[in-house]
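A.B. asks:
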Amino acid sequence: KIDVLVDFSAPEATLTNVRFCSNQSIPIVIGTTGFTSIAEEQLDAASKIIPICCSANYSAGVNLCFDLIERTTEVLGKDADVEIIESHHREKVDAPSGTALAMGEMIAAGLDRELSEVAEYGRVGDSGPRDREVIGFSVIRAGNIVGEHTVMFAVDGEIVEITHRASSRQAFCSGALRAARWLIGRAPSLYSMRDVIANAQRKSQ
Numbered sequence: 002k003i004d005v006l007v008d009f010s011a012p013e014a015t016l017t018n019v020r021f022c023s024n025q026s027i028p029i030v031i032g033t034t035g036f037t038s039i040a041e042e043q044l045d046a047a048s049k050i051i052p053i054c055c056s057a058n059y060s061a062g063v064n065l066c067f068d069l070i071e072r073t074t075e076v077l078g079k080d081a082d083v084e085i086i087e088s089h090h091r092e093k094v095d096a097p098s099g100t101a102l103a104m105g106e107m108i109a110a111g112l113d114r115e116l117s118e119v120a121e122y123g124r125v126g127d128s129g130p131r132d133r134e135v136i137g138f139s140v141i142r143a144g145n146i147v148g149e150h151t152v153m154f155a156v157d158g159e160i161v162e163i164t165h166r167a168s169s170r171q172a173f174c175s176g177a178l179r180a181a182r183w184l185i186g187r188a189p190s191l192y193s194m195r196d197v198i199a200n201a202q203r204k205s206q
């Protein structure tokens with residue numbers, strides 16, 4: 002008997018588990034990133050059958066940063082050069098991280114841009130003057146860094162940086178378990194960790 006399944010694996014394996022959960026009416030918490038648009042459509046279809054919580058990051062601190070990033074984009078975004086810097090351990094195989102890409106997506110959406118059109122992944126040689134609409138990504142892979150993300154909004158005369166540093170993977174584990182407890186008994190839908198946190202905030206008010 003399974004109350005809820007928690008999956009932090011790879012897209013193909015996750016989709017297999019989603020099909021299993023759909024057939025067995027089991028809620029699923031997904032921390033996997035890197036889904037194609039077709040895979041995302043499959044997740045959306047499954048969410049009509051079972052409750053699914055899918056997020057790029059389950060840290061409460063990172064999700065707080067998401068809120069701050071959206072607010073800062075509203076206030077400074079159109080006048081700022083935006084750079085996203087992320088650092089992880091040497092064993093991490095994808096770059097940029099799913100969290101960094103999620104941050105880029107929300108900034109681009111807030112500025113009515115498509116991330117695929119304005120993202121710039123690293124620079125080398127004579128790259129020329131910076132385009133204001135670009136969202137830059139820088140990636141560090143070294144040692145046993147758990148995870149660090151910084152979003153820089155640089156306007157003329159000042160810089161605002163929003164940074165999250167994870168010192169232990171326990172932050173992600175705690176968030177995933179919190180989401181799992183919250184998801185049990187929910188109506189079929191596609192939720193995120195931000196829904197979990199927002200629900201807790203409403204209850205505390």
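Going by this note's numbering, the residue at position 101 of the sequence shown is 102; the numbering climbs one at a time, nothing skipped. Yeah, the Cβ is synthetic: ideal placement off N, Cα and C, and Gly gets one too.
(1) Measuring alpha carbon to alpha carbon, tell me which of Arg-133, Leu-191, Val-94 ends up nearest Leu-112.
(2) For Ser-23, name the three-state secondary structure that DSSP assigns.
(3) Looking at the structure shown, is Pro-12 part of a helix, part of a strand, or coil, going by DSSP?
(4) Excluding the five sequence neighbours on either side, which residues of its own chain have a C-beta within less than 6 Å of the C-beta of Ser-287, listed in chain order?
(5) Does DSSP put Ile-108 in a helix, a strand or coil?
(6) In three-state terms, what does DSSP make of Ile-85?
(7) Quick one: complete alpha helix (DSSP H) runs, 4+ long, within the stretch 97-147?
(8) Going by DSSP, what residue range makes up the beta strand (DSSP E) through Val-5?
(9) By the three-class DSSP mapping on this structure, what secondary structure does Phe-173 have?
C.D. replies: Inspection of the coordinates gives the following:
(1) Sequence index remark: in the sequence shown, residue 112 carries index 111 (1-based). Checked all of Arg-133, Leu-191, Val-94; the closest Cα to Leu-112 is Arg-133.
(2) Here residue 23 corresponds to residue number 22 of the sequence shown, with the count starting at 1. Ser-23 falls in the helix class under three-state DSSP.
(3) Within the sequence shown, residue 12 is the residue found at index 11, counting from 1. Looking at Pro-12 - three-state DSSP - the assignment turns out to be helix.
(4) In this structure the chain extends from 2 to 206, so residue 287 is not present and cannot be described.
(5) Translated into the one-based positions of the sequence shown, residue 108 becomes position 107. Three-state DSSP puts Ile-108 in a helix.
(6) As a working mapping, residue 85 is identified with position 84 in the sequence shown. Here Ile-85 sits in strand by DSSP.
(7) Runs of the alpha helix (DSSP H) inside the stretch 97-147: 99-111, 116-119.
(8) If you number the sequence shown from 1, residue 5 lands on position 4. Looking at the DSSP string, Val-5 is not in any beta strand (DSSP E), and its letter there is neither H nor E.
(9) By one-based count along the sequence shown, residue 173 stands at place 172. DSSP places Phe-173 in helix when its eight states are reduced to three.
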